[in-house]
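*Asks:*
Protein chains in written order, with this note's numbering: chain A, 1 to 27; chain B, 1001 to 1156.
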């Protein structure tokens, strides 16, 4: 369960980073 | 939307965004962008912070869409000039009140808001030495005058 929640957290973090980069026209 | 305790360092920037929602949406947008970037560095792992940052991102994306005809949003160089001018306008207003011996809540808030907006400028890159000095001075003045008024003392 611990590793599932860690990978959910890291996927969400990636999503945030990608959305931030898109917002700033960096991708 | 309450700011989680882990992201306390950006709560005043987020509040400044709310206060400028109608008055100056460009200021509101970049304050939230600063909150977003700094918040991600502080804590994007705990559920309450992730939820907060996701909502903040939704808000930013919506604002960018709504303000798509505004050069200060579509061109960050123009945005940088907008925030810097606004911050310095606040600073100069408060500094002028200070030098004229007029000490009141509004001028304290202007000094403090100027310092917050100078923080926000860091989303565009490293701050200039001049802006670092202005930020330090504005924050110190806001604290000093606030404490003087609170203790019934006349600021020197």
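Cβ coordinates follow ideal geometry from the N, Cα and C atoms, glycine included.
Going by the CB atoms, is the gap between residue 1108(B) and residue 1087(B) shorter than 7 Å?
*Replies:* The residue labelled residue 1087(B) in the question sits at position 87 within the second chain. The residue labelled residue 1108(B) in the question sits at position 108 within the second chain. Their beta carbons are not under 7 Å apart, which means residue 1087(B) does not touch residue 1108(B) by this criterion.
*Asks:* For residue 1060(B), name the three-state secondary structure that DSSP assigns.
*Replies:* Against the second chain, residue 1060(B) aligns to sequence position 60. In this structure, residue 1060(B) counts as helix in the three-state DSSP scheme.
*Asks:* Between residue 1124(B) and residue 1082(B), which are expected to be in contact by the criterion C-beta below 8 Å, what is the C-beta distance as a whole number of angstroms?
*Replies:* As a working mapping, residue 1124(B) is identified with position 124 in the second chain. As a working mapping, residue 1082(B) is identified with position 82 in the second chain. 11 Å between Cβ atoms; not a contact.
*Asks:* Could you tell me the distance, in whole angstroms, from the CA atom of residue 1091(B) to the CA atom of residue 1156(B)?
*Replies:* Here residue 1091(B) refers to the residue found at position 91 when the second chain is read from its first residue. Here residue 1156(B) refers to the residue found at position 156 when the second chain is read from its first residue. Their Cα atoms are separated by approximately 18 Å.
*Asks:* Between 1050(B), 1136(B), 1067(B) and 1036(B), which lies nearest to residue 1013(B) when the distance is taken from Cα to Cα?
*Replies:* The sequence position of residue 1013(B) within the second chain is 13, counting from 1. The shortest C-alpha separation from residue 1013(B) is found at 1036(B).
*Asks:* Which residues, in order along the segment 1038 to 1058 of chain B, keep a beta-carbon less than 8 Å from a beta-carbon of chain A?
*Replies:* Answer in chain order: 1040, 1044, 1045, 1050, 1053, 1054 and 1057.
*Asks:* Using 8 Å as the threshold, is the segment 1068 to 1075 of chain B in touch with the segment 1040 to 1053 of chain B, meaning 3 or more CB pairs across them?
*Replies:* At 8 Å Cβ cutoff, the stretches do not touch.
*Asks:* Output the boundary residues of the alpha helix (DSSP H) element that contains residue 1092(B).
*Replies:* Reading the second chain from its first residue, position 92 is the one you call residue 1092(B). Unbroken alpha helix (DSSP H) run through residue 1092(B): 1076 to 1099.
*Asks:* Could you round the C-beta distance between residue 1025(B) and residue 1001(B) to whole angstroms and report it? I think they count as a contact, below 8 Å.
*Replies:* By 1-based counting over the second chain, the position of residue 1025(B) is 25. By 1-based counting over the second chain, the position of residue 1001(B) is 1. Incorrect: roughly 17 Å between the Cβ atoms, too far for contact.
*Asks:* Answer with yes or no whether the minimum CB distance from residue 1077(B) to chain A is below 7 Å.
*Replies:* As a working note, residue 1077(B) is residue 77 in the second chain. It does not: the Cβ of residue 1077(B) has no partner Cβ on chain A nearer than 7 Å.
*Asks:* Beta-carbon of residue 1060(B) versus every beta-carbon of chain A: anything under 7 Å?
*Replies:* What you label residue 1060(B) is simply residue 60 of the second chain in a count that begins at 1. With 7 Å as the cut-off, residue 1060(B) counts as an interface residue toward chain A.
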